[in-house]
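Data block below; observations after.
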């Protein structure tokens, strides 16, 4: 705990974007990641909704951390999260019914996104309010970026468009399996492969340099 | 949707729209617990039981909520019911099968955040299933979850013995496998109209 207190605030924010990215690194909250990323718009809406719920619930958990009894903390966190999800659910329904239909039950299923409960338990319940907000914003943005990575690839390949704009003209034959369920698994698998490959390359290079310097 | 035959509901939840592979519910345990065949079987049994109990509870709670016109409390009530059912299963297992309790470890409390269970409760409400339809839907969804988990665990146990490139080890390979399985399950689309 003393360890987390000394990390600079900027670091708390940045780590969610890449180093501890909830999707690509920690494999948390996979269900919405796979289910609603068949277009960029859906991915963006889902990311924004999750970001809101995550930030609000982290703030509230950090505020209330001294009043929540240890034994019932998980139940309390879930009730807090469920409250904000209900808010988001009704707001999206009011703003755009089309979007609401497209996202379906997955808005309400934000409640069981393990990432949100995980951040409440692992970070917000042990840190001050501003730090919890920073952490939630970083994690939420990291989650949104991951959703966009998947949504962009799937929409471009599976539909030949980006945010609804046609990219390739009428001669393009859409690779429609990409917007169907198997595409979600494949695209996420390829992203993970790519990151593992880049990481292995950079590790190998670092090791090579060390050996070079030792040899010299 | 509400006048579907029971058999069709079961088949639909179990195979045609398999909860894990085509609806993307319960991906976390699917990726996390599918390493070993033994654990996968036990996990799916626990999930099936929780699904059945929470589906029945959710049905009656929804009736009460609709009577009092407070549907906006639905989500909070459902999640509270699921959390307590999981707690019940946990206590039950601890008493009658400590070995199983230890084997499942952290994944038992995590059933609470398994979206397949909340998803089930929400879907049966949206589709306005009757009591028996809800029960059959829960059984089908549980069977489908178990099926996907067990197939995956079997595949992964086989792959343990094979030479896989080190970049592809772990989650990436599992996701690719899941994609292929999902393609296979798409072949069932259209059965039963």
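Protein chains in written order, with our numbering: chain H, 2 to 217; chain X, 95 to 287. Yeah, the Cβ is synthetic: ideal placement off N, Cα and C, and Gly gets one too.
Return the first residue and the last residue of the alpha helix (DSSP H) that residue i is part of.
i: residue 136 of chain H; result: 130 to 160
i: residue 283 of chain X; result: Neither: residue 283 of chain X is in no alpha helix (DSSP H) and is coded neither H nor E.
i: residue 26 of chain H; result: Here residue 26 of chain H belongs to no alpha helix (DSSP H), and DSSP marks it neither H nor E.
i: residue 133 of chain X; result: 131 to 162
i: residue 59 of chain H; result: 41 to 65
i: residue 83 of chain H; result: 74 to 96
i: residue 249 of chain X; result: 225 to 254
i: residue 34 of chain H; result: 31 to 36
i: residue 179 of chain H; result: Run containing residue 179 of chain H: none; DSSP gives neither H nor E here.
i: residue 1 of chain H; result: Outside the shown range of chain H, which is 2 to 217, sits residue 1 of chain H, and nothing can be said about it.
i: residue 169 of chain H; result: Premise fails: residue 169 of chain H is in no alpha helix (DSSP H) and is neither H nor E.
i: residue 173 of chain X; result: 168 to 190
i: residue 17 of chain H; result: 10 to 18
i: residue 209 of chain X; result: 209 to 220
Can you tell me whether residue i is buried or exposed, with buried defined as 16 or more other CB within 10 angstroms of its CB?
i: residue 109 of chain H; result: buried
i: residue 218 of chain X; result: buried
i: residue 131 of chain H; result: exposed
i: residue 28 of chain H; result: buried
i: residue 165 of chain H; result: exposed
i: residue 137 of chain X; result: buried
Report the option in the options whose CA atom is closest to the CA atom of residue i.
i: residue 191 of chain X; options: X:244, X:140, X:121, X:273; result: X:140
i: residue 266 of chain X; options: H:103, H:174, H:129, H:190; result: H:190
i: residue 242 of chain X; options: X:203, X:222, X:269, X:158; result: X:269
i: residue 33 of chain H; options: H:193, H:16, H:114, H:213; result: H:114
i: residue 71 of chain H; options: H:201, H:156, H:134, H:126; result: H:126
i: residue 43 of chain H; options: H:152, H:9, H:73; result: H:152
i: residue 105 of chain H; options: H:187, H:185, H:36; result: H:36
i: residue 280 of chain X; options: H:178, H:80, H:20; result: H:178
i: residue 170 of chain H; options: H:181, H:157, H:180, H:182; result: H:157
i: residue 9 of chain H; options: H:133, H:96, H:91; result: H:133
i: residue 117 of chain H; options: H:58, H:80, H:87; result: H:58
i: residue 252 of chain X; options: X:128, X:124, X:114; result: X:128
i: residue 225 of chain X; options: X:263, X:105, X:206, X:151; result: X:151
Sorted by chain position, which residues of the same chain lie with C-beta nearer than 8 Å to residue i's C-beta, five sequence neighbours on each side aside?
i: residue 89 of chain H; result: 50, 53, 54, 108, 111
i: residue 18 of chain H; result: 139, 142, 143, 146
Only counting the same chain, and skipping five residues up and downstream in sequence, which positions put a Cβ closer than 7 Å to that of residue i?
i: residue 148 of chain X; result: 175, 176, 179, 211, 215
i: residue 209 of chain X; result: 119, 120
i: residue 135 of chain X; result: 244
i: residue 38 of chain H; result: 44, 148, 151, 152, 155, 185
i: residue 2 of chain H; result: Reliability fails at residue 2 of chain H, whose pLDDT of 42 lies under 50, so the model's placement of it is uncertain and the value that follows must be treated cautiously. For residue 2 of chain H, where only same-chain residues beyond five positions count, the Cβ hits under 7 Å are 127.
i: residue 184 of chain X; result: 202, 203
Output needed for residue i: all residues of its chain with C-beta closer than 6 Å, excluding positions within five of it in sequence on either side, in chain order.
i: residue 156 of chain X; result: 219
i: residue 171 of chain X; result: 155
i: residue 204 of chain X; result: none
i: residue 125 of chain X; result: 268
i: residue 115 of chain X; result: 242, 275, 276, 279
May I ask you to verify whether the segment 51 to 70 of chain H touches the segment 154 to 169 of chain H, counting CB pairs closer than 8 Å and requiring at least 3?
-> no
Answer yes if the segment 220 to 227 of chain X comes into contact with the segment 240 to 260 of chain X, meaning at least three C-beta pairs across the two stretches below 8 Å, and no otherwise.
-> no
Touching by the beta-carbon criterion (3+ pairs, under 8 Å), the segment 229 to 241 of chain X and the segment 97 to 106 of chain X | yes
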